[in-house]
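Residue numbers (this note's numbering): 4 to 327.
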């Protein structure tokens, strides 16, 4: 059983019974469509400790599975720097403290977190201190708000921010983190906060870099509704481990294949709904339908042989097949 972040609200959580995956995705922006997509590349299936014990497997927490995925990417590309974006469950000491040198972490912060100043460099007696004086928590700080303008989810917005550096000892040990408190965040009723291990980012960069994390929730929605992520009734361990990741990888392949197909074309086919007549950029449904039509057209042409083939006669059928 797990909480569905897409259907849950602050006062009414919505729970599902099923598999729970930890997914590492690559975020990519497509300026032509003013869209951001998350492409799943690595996945790990989470099991409860009771289930792992029954199966004779070592138990790993969600954060420990995330560390495995992050470490694999960091080791594969040691000369590249990565920013890992996650919700507050992954701004955790397991992820932050011993992360690889080429990894930075950005995510939701806890408004009531215990914060401290840096430990003093020298002291006269006793063992060295690991943290400095206790500071006010993010929600209790009294520093002035600063107004900034930025783009949130592809739209201009004006928010108020408080920016400061502090040691979140339970998360980052004795290393400082950058905290950005946000007020008037579109879609957020209350003040919210972000925490980042990269101290060189501005408040504007922190907020704009965090926003694309929501595209991963959209990925989960599309693979469930269009790629059959929830349809297979697998009965064996290997089937579960293979089927779900394949659906997520297919999502990535569809978008990348469509982007390559769309490069030389100025006008892209989209389906307009009666309640949405101003649609200008393709949705995932349009991308999937286009690739299906292209595949069926190619197959029918091959079957037609030397006979004349008029694609216009089959347009309604190809459209129906494309959108299933």
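The C-beta atom is built at its ideal place from N, Cα and C for all residues, glycine as well.
Owing to the predicted nature of the structure, the values given are computational and were not obtained by experimental measurement.
Contact between the stretch 92-108 and the stretch 128-145 (3+ Cβ pairs under 8 Å)
no
So, residue 172 versus residue 134, is the Cβ gap smaller than 8 Å?
yes
Taking C-beta to C-beta, are residue 222 and residue 28 nearer than 8 Å?
yes
Tell me the rounded alpha-carbon separation between residue 205 and residue 150.
13 Å
Would you be able to state if there are at least three C-beta pairs under 8 Å between the stretch 60-78 and the stretch 163-172?
no
Based on DSSP bridge pairs, tell me the residues matched to residue 46.
26
For residue 180, count neighbouring C-beta atoms within 10 Å of its own C-beta (all shown protein chains included) and say buried if the count is 16 or more, exposed if not.
buried
Based on Cα-Cα distance, which residue from 25, 12, 32, 167 lies nearest to residue 214?
32
Using the three-state DSSP reduction, which class does residue 184 fall into: helix, strand or coil?
strand
Is residue 282 helix, strand or coil by DSSP?
coil
Pick from 300, 102, 287, 155 that is closest to residue 255, judged by C-alpha positions:
287
Do residue 210 and residue 243 have their CB atoms nearer than 8 Å?
no
Helix or strand or just coil, what does DSSP make of residue 106?
strand
Alpha carbon to alpha carbon, what distance is there between residue 46 and residue 95?
19 Å
Buried or exposed (CB count within 10 angstroms, at least 16 for buried), residue 80
exposed
Helix, strand or coil at residue 19 [DSSP, three-state]:
strand
With distances taken from CA atoms, which of 318, 103, 89 is nearest residue 217?
89
Among 17, 187, 219, 175, whose alpha-carbon lies nearest the alpha-carbon of residue 199?
175
CB residue 302 to CB residue 324, shorter than 8 Å?
no
Own chain partners of residue 202 with C-beta closer than 8 Å, once the 5 adjacent residues on each side are dropped:
168, 179, 180, 181
Since residue 112 and residue 147 are thought to touch, with beta carbons under 8 Å apart, how far apart are those beta carbons, to the nearest angstrom?
Their Cβ separation, rounded to whole angstroms, is 19 Å, which puts residue 112 and residue 147 out of contact at 8 Å.
Quick check: what's the CA-CA separation for residue 37 versus residue 259?
15 Å
Cβ distance (whole Å) where residue 116 is taken to contact residue 136 below 8 Å
Wrong, their Cβ atoms sit about 16 Å apart, outside the cutoff.
Residue 157 versus 34, 263, 78, 25, residue with shortest Cα-Cα distance
34
Quick one: what does DSSP say residue 5 is sitting in, helix, strand or coil?
strand
Backbone secondary structure at residue 276 - three-state DSSP:
strand
Kindly give me the distance between the Cβ atoms of residue 103 and residue 251, rounded to whole angstroms, as I take these residues to be in contact under 8 Å.
24 Å between Cβ atoms; not a contact.
Once you ignore the five residues that flank residue 296 on each side, which residues in its own chain have a CB closer than 6 Å to its CB?
321, 325
Which residue from 41, 30, 51 puts its Cα closest to that of residue 21?
51
On the criterion of 16 or more Cβ atoms from any shown chain inside 10 Å, does residue 196 qualify as buried, or is it exposed?
buried
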